[in-house]
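Visitor:
Protein chains in written order, with this note's numbering: chain A, 1 to 455; chain B, 1001 to 1092.
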């Protein structure tokens, strides 16, 4: 008797070959707290040595695992302690030097991105935070693989509106300094509310203060697989059936991630951290979260009903994924980036999807306004307004929200920002141009919300 | 050894000698073939082999490359994967 099911084998191969099932990222999360020094050059040297020591085996071992299971591992990444903390004690602080050090180490160990040029300032800035934020545009312009994130709000602390104002200006400057590449600096910068400390995805990955010395965090993917499964259901299948189908696929995707993660962590001899249960789209045809919503019965993403469809999807992914792994973390849910999702791009092109609907969708998706290109002439205070709205959604709903938005220099609505690779390309979307500058200039904090009277 | 099991899946137009050719590779590397099954999918021939490489005279990667090379000469598509991926994905 044949003791394995050939249908299972065919289904697995089909998921990988036809529907782009992959491990989106294996992210080595690494503490740099022991690299602090009073001399910034010494700090930089310690950082470089530590990253190379811990990271040198990541890419080769990941390739071994990829080969043995025949499942692509798309990205190898490293996340480090927020650098604001690491550079702060130096008598001669220089955060751009530290960013260049991260970039050099990332090249040396052959990882795609390195995250952690970060600060957590939901209540306010220390001297190090302040300097780091000032250095972000220059740091992103002078490096290739460094990603930056700043947390400006939380449910417990409220929204640091001074930070929100500064991040609007910082995003604008980061885009301007990389104008020749359609403002790619801003595509490597994300502003958070309730940022998780173990997220393996970029641009927001860093090694949080409560994390161990190092750990391996995994980001799975698979929107193409979910889309195919939903598309194969009868048009009149009820929502219970749709949710169950998504749950069963999420289970399969996540258990594969768990297997790969544990195997790789064992080879690297470091603890396995978390699996981020995410549906992360790519620009490849069919690997789209928008197409899943459309497979449920919407003509285009953006049609009325989109937020409900996304809510069902996001929750079912979490339910199915949780069954498959012991430790879940990161952002966990469905990402809705525009430039990285062919279905979202099409929805924008067909005038079905606008920034206001995207904002509504972020109430129920895993993160927020992601990889949205806007006109380069958009004032900084308008960008700050978009951030403030998104932070408010996260703060009130006790969820992670974020903004990664690119004011594309010298381009306007109707033009495209083109990045290539996983970052894709984005049609430039219009923003609301009414003035909000008095609101944004108020400074201070929006107080944390009350948690009774939940209406 | 649990993780020494591999599944070899071969797709392509049916022709004489596929099983023999792949089996020769297995013999060369002292890979134990534990089970074989075959089916047709649309007009394609699909063959599945469960093998144990625990006592083989080479590592996974060498064996996989040899199988890929042989399959390529037969104009067949082949997947060589550790069996664990199927166990994890399809059981609770």
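In this text, a Cβ means the ideal position worked out from N, Cα and C, and glycines have one as well.
Do the CB positions of residue 1047 of chain B and residue 1038 of chain B come within less than 7 Å of each other?
Guide: By 1-based counting over the second chain, the position of residue 1047 of chain B is 47. By 1-based counting over the second chain, the position of residue 1038 of chain B is 38. Result yes, Cβ atoms of residue 1047 of chain B and residue 1038 of chain B sit closer than 7 Å.
Visitor: Grouping DSSP H, G and I as helix and E and B as strand, with all else coil, what is residue 333 of chain A?
Guide: Along the first chain, read from residue 1 onward, the residue named residue 333 of chain A stands at position 333. Shown here, residue 333 of chain A sits in a strand according to DSSP, grouped into three states.
Visitor: DSSP three-state label for residue 72 of chain A, please.
Guide: Here residue 72 of chain A refers to the residue found at position 72 of the first chain. Coil.
Visitor: Just the C-alpha distance for residue 50 of chain A and residue 59 of chain A, rounded to the nearest angstrom, thanks.
Guide: As a working mapping, residue 50 of chain A is identified with position 50 in the first chain. As a working mapping, residue 59 of chain A is identified with position 59 in the first chain. Going by the C-alpha atoms only, they are around 16 Å apart.
Visitor: Quick one: which chain B residues come within Cβ less than 9 Å of residue 264 of chain A?
Guide: Indexing the first chain from 1 puts residue 264 of chain A at position 264. Going along chain B, no residue has its Cβ under 9 Å from residue 264 of chain A, so there is no contact; the nearest lies around 13 Å.
Visitor: In the structure shown, what three-state DSSP assignment does residue 1039 of chain B receive?
Guide: Residue numbering aside, residue 1039 of chain B sits at position 39 when the second chain is read from its first letter. Note: residue 1039 of chain B maps to strand in three-state DSSP.
Visitor: What does the alpha-carbon distance come out to for the pair residue 201 of chain A and residue 418 of chain A?
Guide: Residue mapping note: residue 201 of chain A aligns to position 201 of the first chain, counting from 1. Residue mapping note: residue 418 of chain A aligns to position 418 of the first chain, counting from 1. When rounded, the distance between both Cα atoms is 21 Å.
Visitor: I need the straight-line Cα distance from residue 1061 of chain B to residue 357 of chain A, nearest angstrom please.
Guide: The residue given as residue 1061 of chain B occupies position 61 in the second chain. The residue given as residue 357 of chain A occupies position 357 in the first chain. Taking the straight line from one Cα to the other gives about 49 Å.
Visitor: Around the C-beta of residue 189 of chain A, are 16 or more other C-beta atoms found within 10 angstroms, so that it is buried, or is it exposed?
Guide: As a working note, residue 189 of chain A is residue 189 in the first chain. Answer is buried; the Cβ neighbour count reaches 16.
Visitor: Thinking residue 225 of chain A and residue 295 of chain A are a contact (beta carbons under 8 Å), I'd like their distance in whole angstroms, please.
Guide: In the first chain, residue 225 of chain A corresponds to position 225, counting from 1. In the first chain, residue 295 of chain A corresponds to position 295, counting from 1. The pair is not a contact, with the Cβ atoms about 12 Å apart (cut-off 8 Å).
Visitor: Just by C-beta distance, which residues in the stretch 1068 to 1085 of chain B are closer than 8 Å to chain A?
Guide: Answer set for the stretch 1068 to 1085 of chain B: 1079, 1080, 1081, 1082, 1083, 1084, 1085.
Visitor: Can you say whether residue 412 of chain A is buried or exposed, counting buried as having 16 or more other CB atoms within 10 angstroms of its CB?
Guide: Working through the first chain from its first residue, we reach residue 412 of chain A at position 412. By the neighbour-count rule (16 or more Cβ atoms within 10 Å), residue 412 of chain A is not buried but exposed.
Visitor: Just tell me which of B:1083, B:1091, B:1021, B:1016 has its CA closest to the CA of residue 1034 of chain B.
Guide: The sequence position of residue 1034 of chain B within the second chain is 34, counting from 1. Residue 1034 of chain B has its Cα closest to that of B:1083, out of B:1083, B:1091, B:1021, B:1016.
Visitor: Just by C-beta distance, which residues in the stretch 94 to 126 of chain A are closer than 7 Å to chain B?
Guide: none
Visitor: Could you check whether residue 276 of chain A and residue 331 of chain A sit closer than 7 Å to each other, using their CB atoms as the reference points?
Guide: Here residue 331 of chain A corresponds to residue number 331 of the first chain, with the count starting at 1. Here residue 276 of chain A corresponds to residue number 276 of the first chain, with the count starting at 1. Cβ atoms of residue 331 of chain A and residue 276 of chain A: closer than 7 Å.
Visitor: Suppose you measure from the CA of residue 131 of chain A to the CA of residue 299 of chain A; what does that come to, to the nearest Å?
Guide: Along the first chain, read from residue 1 onward, the residue named residue 131 of chain A stands at position 131. Along the first chain, read from residue 1 onward, the residue named residue 299 of chain A stands at position 299. Their Cα atoms are separated by approximately 48 Å.
Visitor: Just the Cα atoms here: how many angstroms apart are residue 322 of chain A and residue 181 of chain A?
Guide: Here residue 322 of chain A refers to the residue found at position 322 when the first chain is read from its first residue. Here residue 181 of chain A refers to the residue found at position 181 when the first chain is read from its first residue. Those two C-alpha atoms are separated by around 39 Å.
Visitor: So, does the CB of residue 246 of chain A fall closer than 7 Å to a CB anywhere in chain B?
Guide: Along the first chain, read from residue 1 onward, the residue named residue 246 of chain A stands at position 246. False, the Cβ-Cβ gap to chain B never drops below 7 Å.
Visitor: Can a CB atom of chain A be found closer than 7 Å to the CB of residue 1060 of chain B?
Guide: The residue given as residue 1060 of chain B occupies position 60 in the second chain. Yes, residue 1060 of chain B lies at the interface with chain A (some Cβ there is under 7 Å from its Cβ).
Visitor: Report the neighbours of residue 256 of chain A on chain B: residues whose CB is nearer than 8 Å to its CB, in chain order.
Guide: As a position in the first chain, residue 256 of chain A is number 256, starting the count at 1. What residue 256 of chain A touches in chain B: 1085, 1088, 1089.
Visitor: Quick one: does residue 1048 of chain B have its CB under 7 Å from some CB of chain A?
Guide: As a working mapping, residue 1048 of chain B is identified with position 48 in the second chain. With 7 Å as the cut-off, residue 1048 of chain B counts as an interface residue toward chain A.
Visitor: Where does the unbroken beta strand (DSSP E) through residue 192 of chain A begin, and where does it stop?
Guide: Against the first chain, residue 192 of chain A aligns to sequence position 192. It spans 189 to 193 - the beta strand (DSSP E) in which residue 192 of chain A sits, taken as one unbroken run.
Visitor: Count the other CB atoms, across all protein chains shown, that sit within 10 Å of the CB of residue 88 of chain A; report buried if there are 16 or more and exposed otherwise.
Guide: Position 88 of the first chain, counted from the start, is the residue given in the question as residue 88 of chain A. When all chains shown are included, residue 88 of chain A counts as buried.
Visitor: What does the Cβ neighbour count give for residue 404 of chain A, buried or exposed, with the cut at 16 atoms within 10 Å?
Guide: The sequence position of residue 404 of chain A within the first chain is 404, counting from 1. Result: buried.
Visitor: At a CB-CB cut-off below 7 Å, which residues of chain C make contact with residue 12 of chain A?
Guide: In the structure shown, chain C cannot be found, because the protein chains are A and B.
Visitor: Going along the chain, which residues of its own chain have a beta-carbon closer than 7 Å to the beta-carbon of residue 287 of chain A, five neighbours each way excluded?
Guide: Taking the first residue of the first chain as position 1, residue 287 of chain A is located at position 287. Excluding sequence neighbours, residue 287 of chain A sits near 20, 223, 224, 281.
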